[in-house]
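Reviewing the structure listed below.
There are 2 protein chains.
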Amino acid sequence: MNANSSNRLWIYDTTLRDGTQREGLSVSIEDKLRIARRLDQLGIPFIEGGWPGANPKDVQFFWQLQEEPLQQAEIVAFCSTRRPHISAAEDPLLQAILSAGTRWVTIFGKSWDLHVTEGLKTSLEENLAMIQDTIEYLRSQGRRVIYDAEHWFDGFKYNREYALETLHAAIAAGAEWLVLCDTNGGTLPHEVGSVVKEVVAVVGDQNSPQIGIHTHNDSDTAVANAIAGVLEGARMVQGTMNGYGERCGNANLCSLIPNLQLKLGYSCIETEQLAQLAQTSRLISEVVNLAPDDHAPFVGRSAFAHKGGIHVSAVERNPLTYEHVQPEQVGNSRRIVISDQAGLSNVIAKARTFGIELDKQNPAARQILQHLKKLESEGYQFEAAEASFDLLMREALGKRQQFFTIKGFQVHCDLVSRIEQQNNSALATVKVTVNGQDILEAAEGNGPVAALDEALRKALVNFYPQIAEFELSDYKVRILDEHSGTSAKTRVLVESRNNHQRWTTVGVSTNILAASYQAVVEGLEYGLLLHLSTEAVLQPIASL
Amino acid sequence: MNANSSNRLWIYDTTLRDGTQREGLSVSIEDKLRIARRLDQLGIPFIEGGWPGANPKDVQFFWQLQEEPLQQAEIVAFCSTRRPHISAAEDPLLQAILSAGTRWVTIFGKSWDLHVTEGLKTSLEENLAMIQDTIEYLRSQGRRVIYDAEHWFDGFKYNREYALETLHAAIAAGAEWLVLCDTNGGTLPHEVGSVVKEVVAVVGDQNSPQIGIHTHNDSDTAVANAIAGVLEGARMVQGTMNGYGERCGNANLCSLIPNLQLKLGYSCIETEQLAQLAQTSRLISEVVNLAPDDHAPFVGRSAFAHKGGIHVSAVERNPLTYEHVQPEQVGNSRRIVISDQAGLSNVIAKARTFGIELDKQNPAARQILQHLKKLESEGYQFEAAEASFDLLMREALGKRQQFFTIKGFQVHCDLVSRIEQQNNSALATVKVTVNGQDILEAAEGNGPVAALDEALRKALVNFYPQIAEFELSDYKVRILDEHSGTSAKTRVLVESRNNHQRWTTVGVSTNILAASYQAVVEGLEYGLLLHLSTEAVLQPIASL
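Just so you know, the protein sequences line up as chains F and Z, in that order.
Numbering that gives the first Met the number 0 puts the first residue of the first sequence at 0, with every later residue one more than the last.
Numbering that gives the first Met the number 0 puts the first residue of the second sequence at 0, with every later residue one more than the last.
Encoded structure:
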């Protein structure tokens, strides 16, 4: 990586570390790997993967990435400076970060004297030594170091001299980046700008170390703060996808990247990668199981929605009049309530990813679109359920194969109070017709969905032995229209896999069991389809 | 109203007009009246009520306010300039705005030549005449006029001279405020600042007219843009509560007011009124029936949430170290999050928020902590389920009241393939003991959880009539250890409410019905507890 080009910026994503601090967000190792690979495709150069010393799950995440590395991105491990009054080599946290096996590490240290004396309860001198020793030790172990100056802006405000000493300690030890963090998120853009300007002037030579900026959204200005830093010379921008993060979140990369690249002329990621931004944002929100924000700038469903007659025709005549950027540049689309033109080209584009060429004149395209709109208004969502979308297209084109027909399904659960004894077993019975033959099967499971799945497999496996290879690998539930409480609609996403592929299906119903059943049944159907046909369908699904 | 004091700002709320452009937001006249009165109490000086010419509901809203006027605020009617080539007096839209009977009116006109020729399809000269005639006419009818310069920043960028001519037309006609609008939301803060600076210099004398700023969030910088305008001399700030508005929303007054007042020293509303901000924000989200954004700066439930051991004890010693403003200043409160990193000091701090004083030496504190860790390792999560946490503490302290005992629970579902016919109904039976009496009840629901909930209410309502007031307002499902597919553990969060409080409970099981059942049962139990005790427990929960 080199920093010569003056308009080049380095985006540093911390969704997997700072982002997961968001209340209510939790991710598995699989989720983290999936997000990291997607960010890699998006062209993010630095991806912070976690804090291996603080979280055993993160250790495993880094090990898995050592076995199957990312394509382009540097995966970065995060850690604090060593503890007071021990040597860096003795600190188990630093041993953990080394064992993560990354080329780059990010070390955060205290910039604010108050945090040294009140938080760490050590002396200001010891804090400087902690910063310097830690970075020197990691450099001696062959690591390249990014230094995150925690609470930078508050520290600088209250004790400018000391704050600058901490940076000089990091510089002396060989840090390649100094990242100024507004940890409490209280700073406003004009203050960020003037502080960054001063730091750039003090640090002098722009080539090593360079300055980065890390902002939080407590003042609702995280994106503006990061921009203010960049305009004064910061060259690394830290943030998270969808602005996830503790309290009010971090600077939202989904807003920052297009602002910096499309409006300010900086170079962050490739143009084609930028056109994947909205999809990436939505995929990540599905993986972490949070409803996407429809009103999110650039990537939200409503970001380019237009209503009103004159307005709409004006937009169509000259998009510049009502749109600050072109939605396609960020992978979003204009949405005009009265016209389904945009939808139709979406469907056509989507069909193409499954190897199906549709024409705008083809009535099947319009039929798929109408069916899709109806299902979406019912709460279906195909962004993350491409297998169900493929089945839907095949049906519209008269190409959906009937492997089996389900005649009926019953589930029975008997629960007792957990204070007395836990009893989770559920019983399911299923009646299926295959090749004109009626099959009745029953099964138990430690939950109603497991019982449904088991009964269905028992009924089908004699006809389709490959079903034994299928596995339900992920099961996600989202309550739609949450206001309605237990009568709300439920959307279930089921991810299935065989030995070499994964595919996702969707079901929607007010009854969570009915929704699960739909997704499970389509998952089995699609698995059979994949087994029988090795054509184009495989490709987009397998891109995990 | 006078504009002499140099640090006085005029907040102009357009929640009731621009805010209602948000997709998915709709309000009745009663809703609008309720919001207006609440904004009046908050001390907002200008409240834009609607566009009476465009929306018949708005006409009635203004009439109702004529009968029962607001206490302090000026209610403002909104309208476009007259149509091309008719006189202002002939324009029915202007007749409608007059009949609204407000002292102040806001007129918006075109600043961008492109919109005049392509949108209005009239000449640049006629547009100037439209602005001037309209304002002069309204002045002649005794109205005070705010002029909204639509698309100001784009217009100024593409044709600076013409844009300035439109302002001069408004000045000549007697507008008292010139509001510079970033209608497409594409402008960044540094550009807003430099344009406002130029306009202030051109308009000259700061007393009449004064400059206002109206920003949209398409670049994720609406709040920063408004601040940039103020820093260069704008004295009116237009925005909406909770940032509601078309596409990505308007500048969020819930962020702007505290930033301007607490950080920049401007005077917007009284200190006591500012301390009502969070409550007002939440009330408005309830009235418009949108889930409040927990992560909203200043007013969100998570805005001052802290996790992690050292961190929490540091916050308690010195809030300045981790909080950019004091939560009480904006009517919010600090919240200690119970998460799997919970240490003893977290538990003690949390207990204190429920009015329970624990000592580090008290064995109950350690017992709660151990129980908590065990439950968390099973997948429970109390971050968002404070009611369940309270019940858990009461149990450890021997203070948990037994309102009822559940003896058994059965659920039965009969599903058929959705291809044939959708059938979502589920049947539940429940056996409960209350005051030594056994009750058996059955109920149907359009899903198994709804049926469970219904059966339980039927069984209990004769003993606890207040249950009729409880409502299940939110239901969230998260699959843990997703690797295990349908056998994975399920965590259910249930939010319940009565007429003035909300509380959240949690359940975990491999069986989604068992998990739901736990959360639903604890939700009912906690509701009964809240009803019976009006002690300290109410306080942290009651912050609707």
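Glycine residues also receive a C-beta, built at the ideal position from the N, C-alpha and C atoms.
is_contact[residue i, chain F] using C-beta, thresh 8 Å
i: residue 375 of chain Z; result: no
i: residue 416 of chain Z; result: With a pLDDT of 47 at residue 416 of chain Z, under the threshold of 50, the modelled position of that residue is not reliable, and no figure is offered here.
i: residue 534 of chain Z; result: Any answer about residue 534 of chain Z is weak, because its pLDDT of 40 lies below 50 and its placement is not dependable; what the coordinates show is given next. No, because no Cβ of chain F sits closer than 8 Å to the Cβ of residue 534 of chain Z.
i: residue 412 of chain Z; result: yes
i: residue 322 of chain Z; result: yes
i: residue 241 of chain Z; result: no
i: residue 11 of chain Z; result: no
i: residue 113 of chain Z; result: yes
i: residue 294 of chain Z; result: yes
i: residue 52 of chain Z; result: no
i: residue 501 of chain Z; result: no
i: residue 226 of chain Z; result: yes
DSSP bridge partner residues for residue i (one or two, in chain order)
i: residue 385 of chain F; result: Bridge partners of residue 385 of chain F: none, in fact.
i: residue 146 of chain Z; result: Z:106, Z:177
i: residue 408 of chain F; result: F:429, Z:414
i: residue 10 of chain Z; result: Z:236
i: residue 441 of chain Z; result: Z:428
i: residue 470 of chain F; result: F:496
i: residue 314 of chain Z; result: The partner list for residue 314 of chain Z (beta bridge, DSSP) is empty, contrary to what the question assumes.
i: residue 520 of chain Z; result: According to DSSP, which records beta bridges pairwise, residue 520 of chain Z is partnered with nothing at all.
i: residue 266 of chain F; result: F:7
i: residue 436 of chain Z; result: Z:433
i: residue 477 of chain F; result: F:490
Interface flag, residue i vs chain Z, CB-CB below 8 Å
i: residue 247 of chain F; result: yes
i: residue 8 of chain F; result: no
i: residue 475 of chain F; result: yes
i: residue 530 of chain F; result: no
i: residue 222 of chain F; result: yes
i: residue 420 of chain F; result: Residue placement at residue 420 of chain F cannot be trusted, given a pLDDT of 48 that sits under 50; the coordinates are not used to answer.
i: residue 341 of chain F; result: Residue placement at residue 341 of chain F is flagged as unreliable, the pLDDT there being 44, under the threshold of 50; a coordinate-derived value is accordingly withheld.
i: residue 393 of chain F; result: no
i: residue 299 of chain F; result: yes
i: residue 254 of chain F; result: yes
i: residue 543 of chain F; result: Because the pLDDT at residue 543 of chain F is just 29, under 50, the model does not fix this residue reliably, and the point stays unresolved.
Contact set between residue i and chain Z, taken where Cβ atoms lie within less than 9 Å
i: residue 284 of chain F; result: The contacting residues do not exist; residue 284 of chain F stays about 14 Å from chain Z at best.
i: residue 409 of chain F; result: 411, 412, 413, 414
i: residue 478 of chain F; result: 473, 474, 475, 476
Within chain F, the residues that residue i reaches when beta carbons sit closer than 7 Å
i: residue 516 of chain Z; result: 414
Residues that residue i contacts on chain F, provided the C-beta gap is smaller than 8 Å
i: residue 230 of chain Z; result: 189
i: residue 336 of chain Z; result: 22
i: residue 317 of chain Z; result: 113, 117
Within chain F, partners of residue i - CB distance below 9 Å
i: residue 326 of chain Z; result: What residue 326 of chain Z touches in chain F: nothing, since even the nearest Cβ is about 11 Å away.
i: residue 302 of chain Z; result: 217, 246, 247
i: residue 106 of chain Z; result: Near residue 106 of chain Z there are no residues of chain F at all, since even the closest Cβ is about 18 Å away, more than 9 Å.
The ligand FMN heavy atom lying under 7 Å from the CB of residue i
i: residue 511 of chain F; result: Looking for the ligand FMN in the displayed structure turns up nothing, as the structure carries no ligands at all.
Listed by chain order, chain Z residues near residue i by CB distance under 8 Å
i: residue 397 of chain F; result: None at all; the shortest Cβ gap to chain Z is about 15 Å.
i: residue 425 of chain F; result: 510, 512
Interface residues of chain Z facing residue i [CB-CB closer than 7 Å]
i: residue 497 of chain F; result: Near residue 497 of chain F there are no residues of chain Z at all, since even the closest Cβ is about 13 Å away, more than 7 Å.
Worksheet item: What beta strand (DSSP E) runs, 3 residues minimum, are completely inside the region 25-106 of chain F?
Response: Within the region 25-106 of chain F, the complete beta strand (DSSP E) runs of at least 3 residues are 45-49, 73-79.
Practice prompt. Can you give me, in chain order, the residues of the region 170-201 of chain Z that have a beta carbon less than 7 Å from any beta carbon in chain F?
Written response: Correct list: 183, 184, 185, 187, 188, 189.
Worksheet item: Of the residues that make up the region 353-372 of chain Z, which ones have a beta carbon closer than 7 Å to any beta carbon in chain F?
Response: Close to chain F, meaning a Cβ-Cβ distance shorter than 7 Å, is no residue of the region 353-372 of chain Z at all.
Worksheet item: Listed in chain order, which residues of the region 256-277 of chain F have Cβ atoms closer than 9 Å to some Cβ of chain Z?
Response: Answer in chain order: 257, 258, 262, 263.
Fill in: Within the region 210-260 of chain F, ranges of the beta strand (DSSP E) (whole runs, at least 3 residues)
At a cut-off of 3 residues, the continuous stretches assigned as beta strand (DSSP E) that sit fully inside the region 210-260 of chain F are 235-238.
Practice prompt. Output, in sequence order along the chain, the residues in the region 76-92 of chain F whose CB is closer than 8 Å to any CB in chain Z.
Written response: Per Cβ criterion, the list is empty.
Fill in: Segments of 4+ residues assigned as alpha helix (DSSP H) that fall wholly inside the region 486-517 of chain F
Segments of the alpha helix (DSSP H) lying fully in the region 486-517 of chain F: there are none.
Item to complete: Give, in chain order, every residue of the region 208-222 of chain F whose Cβ lies closer than 7 Å to some Cβ of chain Z.
Response: From the region 208-222 of chain F, only 216, 217, 218, 219, 220, 222 have a Cβ closer than 7 Å to chain Z.
Worksheet item: When you check each C-beta in the region 123-157 of chain Z against every C-beta of chain F, which residues fall closer than 7 Å?
Response: Against chain F - using a Cβ distance shorter than 7 Å - the region 123-157 of chain Z contributes no residues.
Fill in: Minimum length 3: unbroken beta strand (DSSP E) runs contained in the region 119-171 of chain F
Here the runs fully enclosed are 143-149.
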